[in-house]
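Student:
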Amino acid sequence: MTKVDETCPLVKDDLRKVYTSKKIKEKMQECSDLLGIPLSNIFPVKNYQEEVDTNNDMDVLILKALDQIVNLTNDALEDQNPSEKSE
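Residue numbers (the UniProt record's numbering): 1 to 87.
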């Protein structure tokens with residue numbers, strides 16, 4: 001789920017509050033319901049849009065989302081090929 005800074009003023013001021021924001025939680029639930037995927041598979045991120053420099057808080061959200069996507073993909077592939085589990 002992108003553009004979390006536009007969803008909640010609290011998060012716009014401090015991106016570290018993304019997981020404590022009620023508005024973000026509501027939007028994540030809305031995405032989950034609309035797409036039919038578990039809430040645990042919805043990852044809030046802020047887009048690099050007008051920023052000139054990188055931002056550690058934004059990077060953490062993006063990298064965490066990417067890490068979870070890779071893990072979920074790996075799990076799905078292992079489920080399809082249980083005999084070829086990676087170590």
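Virtual Cβ for every residue (Gly too), placed ideally from N, Cα, C.
1. Please report the distance separating the alpha-carbon of residue 104 from that of Thr-7.
2. Give a yes or no on whether the C-beta atoms belonging to Val-18 and Pro-44 are separated by under 8 Å.
3. In this structure, how does DSSP classify Gln-49 when only helix, strand and coil are distinguished?
4. Under DSSP, the alpha helix (DSSP H) around Leu-15 begins and ends at which residues?
5. With respect to 7 Å, is the separation between the Cβ of Val-70 and the closest non-hydrogen atom of the ligand ADP below this value?
6. By a C-beta neighbour count over all protein chains shown, 10 Å radius and 16 as the cutoff for buried, is Leu-61 buried or exposed?
7. What residue range does the alpha helix (DSSP H) around Ile-37 cover?
8. Just how far apart, CA to CA, sit Pro-9 and Asn-55?
Tutor: Straight from the coordinates:
1. There is no way to answer for residue 104, as the model of the chain reaches only from 1 to 87.
2. yes
3. coil
4. From DSSP, Leu-15 is part of no alpha helix (DSSP H); its letter is neither H nor E.
5. Looking at this structure, you won't find the ligand ADP or any other ligand, since it has none at all.
6. buried
7. Element bounds for Ile-37: n/a, residue is neither H nor E.
8. 18 Å
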